[in-house]
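**Student:**
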Amino acid sequence: MKKIKNIGIAMLVLASITFASCSSDFLDENLDTKYSTDYFETPEGLEALARSLYGNIRWHFGYEWAYGLTLYGTDEFTNANDLTNECWNTYDNRFGPIHATTALGAANGNCTAPGALWDQMYYGIASCNTIIAKADKISDVQVRNRCLAHAYFLRGYNYYRLTAQYGGVVLQTEPAQGVIRSLTRATEEACWEQIVSDLRQAYNLFEGEVFTYGKGITWTKATAAHFLAKALLFRSSERCTAQFTKDGTTRTSADVKNDMNEAIEACSYAITARGGKLTDNYSDLYANWTGVDCANEQLDEILMAAGNNADATTVGRFGNRTYNYFNPQFSSFSGGWVKRGVWIGGMDFQRCRPTEYAYAVFDHVNDARMWKTFRTVFGTNNVQDKTKDINLGDPAIVMILNTKNDHTYDQYTFGCFIQNPTWKDDNGRLAEWKSGSRQKPNSGDLTTQKGKWFPTHLFFIRTASMLHLNLRTNRFVISLQVSTKLMTVRVQQKREMPTAT
């Protein structure tokens, strides 16, 4: 009897489960911890998606991707001692179809994957397509136009980047439905037509110079005007005209004239929209930074910037660290007098090294852009020997930039891959050095023994003449970190110096 009773209970339980499983809402799930794509069916969701487009350009200008994709392999920059993205500079067989891995010979796992460019460009384009396709869901005309302006701008900008580099690419202007397994490459002419159309739409939709998301960050009509002009000029260049002809399309002189006239109109707006005045000091664009959203980040001439706010929780490994990649390894070859930190302007990740050409295009005497673009002096931020007359901020590392035809230093051996310098001070002494813990035998970074010699002040030499002198009572000797005609100078012990004229 007990057995029958147990069977009956089991059957009732089974029946209840069966009935529950047949219920229409038993397996329905409510996503209440995060947003789903349904959010983009609402005006609030589309406006949030438009704001998120600013995150896409951070990828263009940040972390390892930016310099690998845009600087390596050009006339202006080459790789420094850190070889994370060297294969982007040499274009060698370490590239895989999708990834550049250590198994293929990449220096480390941070090497930029070739596929990353396409992924990020089309991620941004996909978001733009969604906004454009669903914009009618935004009833507020002002908000709708602002969202559309942002979407058309970034889509045009991303296609500009792709087409300028690769010619014709896949044009996807509608939200993708499902998995697309067959893609067709558009002609270069079709791509430029789409780019100009998108940027023209953005130019017409932006409400003048309205800084909705903060000055120095917000894209405006002037931002769209600038890139519209660039696209029109690029499309009418000899390069594009020749390619169009090859593809079977001929651009007439009238077509080119129309592009030029529209480019002039766009440029005129971009130049005059915010008063038409550039900052008085070129270095104000990059120097004198006092913090996030400071005055230097909001200058009128800044039309587009990859913004970073002060919220530390949103930084992560993809935060603003690009500026670190242009510093030499100062913490090693300064002998400890210059240490890493915000007070020196970053860390010495030494990914990029300017070529001699990058320096040669400037007049080293009269062109202020030379001295305001390239850092030639690193100040002391760690006084290792308090008995020496050295103060915080005194120059510790000085770069001497001489001309291509200056043979003053030909008798000495120095360079990026040499660690047997023969440069001596005026008493015939070699700078003492030893390999640092992060150095390779051929890295060329010299590290003086701590406290052996010490830095004081500086001067520059060009064609064996003193160009600038700011000394108290110093004598100069040097240890070296040289790239072609570039060397690091450490000023050592003191004595009276002659007056420079």
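According to mature numbering (1 follows the signal peptide of the UniProt record, and there is no 0), the residues represented by the sequence shown are -20 to -1, 1 to 481, in order. We treat Cβ as the ideally placed atom computed from N, Cα and C, and that holds for glycine.
#1: Once the 5 residues before and after S32 are set aside, which same chain residues still bring their CB inside 8 Å of it?
#2: Indicate the three-state DSSP secondary structure (helix, strand or coil) for F133 in the structure shown.
#3: Figure out for me which residue from W351, T50, T22, T17 has the closest Cα to the Cα of T302.
#4: In chain order, which continuous runs of the alpha helix (DSSP H) of length 4 or greater are located wholly inside the segment 293 to 368?
#5: Quick check on P375: does DSSP put it in helix, strand or coil?
#6: In angstroms, rounded to a whole number, what distance separates the CA positions of G228 and L258?
#7: Hey, would you say A113 sits closer than 8 Å to E173, going by beta carbons?
#8: Is it true that the segment 109 to 128 meets the segment 160 to 169, where meeting means three or more beta-carbon pairs spaced less than 8 Å apart?
#9: Kindly indicate which residue of K201, T203, G196, E242 has the alpha-carbon position closest to the one of L213.
#10: With distances taken from CA atoms, which of T356, V272, E281 is nearest D260?
#11: Mind checking whether the beta-carbon of G148 lies closer than 7 Å to any heavy atom of the ligand ZN?
#12: Taking 8 Å as the threshold (C-beta atoms), are A182 and L151 in contact?
#13: So, is D99 buried or exposed, given that buried needs 16 or more other C-beta atoms within 10 angstroms?
#14: Here's the rule I'm using: 16 or more other beta-carbon atoms within 10 Å means buried, otherwise exposed. How should Y52 be labelled?
#15: Leaving out five residues on either side along the sequence, give the residues of the same chain with a beta carbon under 7 Å from the beta carbon of M284.
#16: Of the residues V272, A129, A338, which one's Cα is nearest the Cα of D291?
#17: In terms of alpha-carbon separation, which member of R349, G315, A222 lies closest to D365?
#18: Find out if the Cβ-Cβ distance for the pair G287, Y34 is shorter than 8 Å.
#19: Please state whether the Cβ-Cβ distance between A253 and K201 is less than 8 Å.
#20: Distance, Cα to Cα, A367 vs P375?
#21: Counting only the same chain and skipping the five closest in sequence on each side, list residues whose C-beta sits under 7 Å from that of A80.
#22: Straight-line CA distance for T230 to R219?
#23: Please look up how many angstroms separate the CB atoms of K319 and N362, rounded, as I've assumed it's under 8 Å.
#24: Hey, could you find the ends of the beta strand (DSSP E) T58 is sitting in?
#25: Taking only the alpha-carbon atoms, compute the straight-line gap between T82 and G76 and give it to the nearest angstrom.
#26: Between which two residues does the alpha helix (DSSP H) carrying residue 483 extend?
#27: Under 6 Å Cβ to Cβ from A209, same chain only, skipping five residues before and after it: list those, please.
#28: Check L128 in the structure and name its three-state DSSP category.
**Tutor:** This is what the structure gives:
#1: Taking the first residue of the sequence shown as 1, we reach residue 32 at position 52. Result list for S32: S107, in chain order.
#2: The count along the sequence shown starts at 1 and reaches residue 133 at position 153. Helix at F133.
#3: As a working mapping, residue 302 is identified with position 322 in the sequence shown. Checking every option, the nearest Cα to that of T302 belongs to T50.
#4: 310 to 313, 336 to 340, 348 to 353
#5: Within the sequence shown, numbered from 1, the residue matching residue 375 stands at position 395. DSSP, read as helix, strand or coil, puts P375 in strand.
#6: On the sequence shown, position 248 is the one that residue 228 refers to. On the sequence shown, position 278 is the one that residue 258 refers to. The straight-line gap from Cα to Cα measures roughly 43 Å.
#7: The residue given as residue 113 occupies position 133 in the sequence shown. The residue given as residue 173 occupies position 193 in the sequence shown. The answer is no: Cβ separation not under 8 Å.
#8: no
#9: Indexing the sequence shown from 1 puts residue 213 at position 233. Comparing C-alpha distances from L213 to each of K201, T203, G196, E242 shows the shortest one belongs to E242.
#10: The residue given as residue 260 occupies position 280 in the sequence shown. Cα-wise, what sits closest to D260 is E281.
#11: Ligands are entirely absent from the displayed structure, and the ligand ZN is therefore not among its contents.
#12: Along the sequence shown, read from residue 1 onward, the residue named residue 151 stands at position 171. Along the sequence shown, read from residue 1 onward, the residue named residue 182 stands at position 202. Result no, Cβ atoms of L151 and A182 do not sit closer than 8 Å.
#13: On the sequence shown, residue 99 is found 119 positions in, with the first residue counted as 1. So D99 counts as exposed.
#14: The count along the sequence shown starts at 1 and reaches residue 52 at position 72. By the neighbour-count rule (16 or more Cβ atoms within 10 Å), Y52 is buried.
#15: Against the sequence shown, residue 284 aligns to sequence position 304. If we look at M284 and ignore the five residues flanking it on each side, its Cβ neighbours are W199, T203.
#16: Here the question's residue 291 lines up with position 311 in the sequence shown. Here the closest residue by C-alpha is V272.
#17: As a first step, residue 365 is located in the sequence shown; it is residue number 385 there, counting from the start. Ranking R349, G315, A222 by Cα distance to D365 puts G315 first.
#18: On the sequence shown, residue 287 is found 307 positions in, with the first residue counted as 1. On the sequence shown, residue 34 is found 54 positions in, with the first residue counted as 1. A contact, by the Cβ cut-off of 8 Å.
#19: Here residue 253 corresponds to residue number 273 of the sequence shown, with the count starting at 1. Here residue 201 corresponds to residue number 221 of the sequence shown, with the count starting at 1. In contact: A253 and K201 (Cβ atoms closer than 8 Å).
#20: Sequence index remark: in the sequence shown, residue 367 carries index 387 (1-based). Sequence index remark: in the sequence shown, residue 375 carries index 395 (1-based). Sequence inspection shows Thr at residue 367; the Ala mentioned does not correspond to that position. So the alpha carbons of these two residues sit roughly 17 Å apart.
#21: Working through the sequence shown from its first residue, we reach residue 80 at position 100. Closer than 7 Å at the Cβ level, and outside the excluded window around A80, lie C67, R74, A86, C91, T92, A93, P94.
#22: One-based indexing of the sequence shown puts residue 230 at position 250. One-based indexing of the sequence shown puts residue 219 at position 239. Cα to Cα, T230 sits roughly 13 Å from R219.
#23: As a first step, residue 319 must be located in the sequence shown, where it is residue number 339. As a first step, residue 362 must be located in the sequence shown, where it is residue number 382. Their Cβ separation, rounded to whole angstroms, is 5 Å, which keeps K319 and N362 in contact under 8 Å.
#24: In the sequence shown, counting from the first residue as 1, residue 58 sits at position 78. Counting along the chain, the beta strand (DSSP E) containing T58 begins and ends at 57 to 59.
#25: Within the sequence shown, residue 82 is the residue found at index 102, counting from 1. Within the sequence shown, residue 76 is the residue found at index 96, counting from 1. Those two C-alpha atoms are separated by around 11 Å.
#26: The question about residue 483 has no answer here: the residues shown for the chain are numbered -20 through 481.
#27: The count along the sequence shown starts at 1 and reaches residue 209 at position 229. So the qualifying residues of the chain are A243, A246, C247.
#28: As a first step, residue 128 must be located in the sequence shown, where it is residue number 148. Three-state result, L128: helix.
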